[in-house]
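So for the sequence shown, our numbering puts the first residue at 84; every next one is plus one. Built from N, CA and C at the ideal position, the CB exists for glycine as well.
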Amino acid sequence: MRSVTDIPLPNDVYMYPVFIDGRLVGYLPEDTAHKSMAYVRTLKVMSEDVPITTEIVLVPKIQVPAQYAGVFLFTTEARMMRPVINLATGQLELIGTMEQLYLDIAISQNEIIKGKTTHLELSNNMYQCQMGKQTMGTPIHTWGTNAETKLYRLQTGATPLATTWKTL
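Below is the structure:
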């Protein structure tokens, strides 16, 4: 890894920016990034020098515009994490919300197809999650500045069009 102070960076090799808790700390060459992240993940799972709650994300460089490529490490508290079993080590691992986008996660052994992502949501699951969000009615107080696109605003309370004697 090269330090942020190493200027200029070489132009012949792509260097992934490395962020720890949102701060740029260095650059990692593209040819060693995957191996380095696998090593850090193994240290995390084996509880050696890396806390088990560390989120390790390598966003790969792709041709289609998407998330910015880079290495992101998150160590702060109060992050949503879930347990999974790391098949390479057979140990329990905690993964975060950004991390799970770039891992191959399966429910059972027969769902594991090497090289094929098996954790992406189906459109029906996404629809059901959206319906759950509506029914829970999560309130926000920053309506004017919120950039959420899937947000519905109830401005007036609903009353039934027809009532029965029991509802009066």
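Taking DSSP's pairing of strands, which residues face Arg85 in a bridge?
To locate residue 85, count along the sequence shown from 1; it is residue 2. Arg85 pairs with Tyr110.
On the DSSP bridge list, what partners appear for Gln174?
Stepping through the sequence shown from its first residue, residue 174 is reached at position 91. Partner(s): Asn169.
Return the bridge partner residues of Thr138 from the DSSP annotation.
As a first step, residue 138 must be located in the sequence shown, where it is residue number 55. Thr is not the amino acid found at residue 138; the sequence shown has Glu there. Answer is Phe157.
Can you tell me whether Met120 is helix, strand or coil according to DSSP?
For the purposes of this step, residue 120 is taken as the residue at position 37 of the sequence shown. It is helical.
Val128 beta carbon near the ligand SAM (any heavy atom closer than 6 Å)
The ligand content of the structure shown is nil, which means the ligand SAM is not present either.
Could you check where the beta strand (DSSP E) with Val101 kicks off and where it finishes?
Within the sequence shown, the letter at position 18 stands for residue 101. Taken as a continuous stretch (DSSP letters only), the beta strand (DSSP E) holding Val101 covers 98-103.
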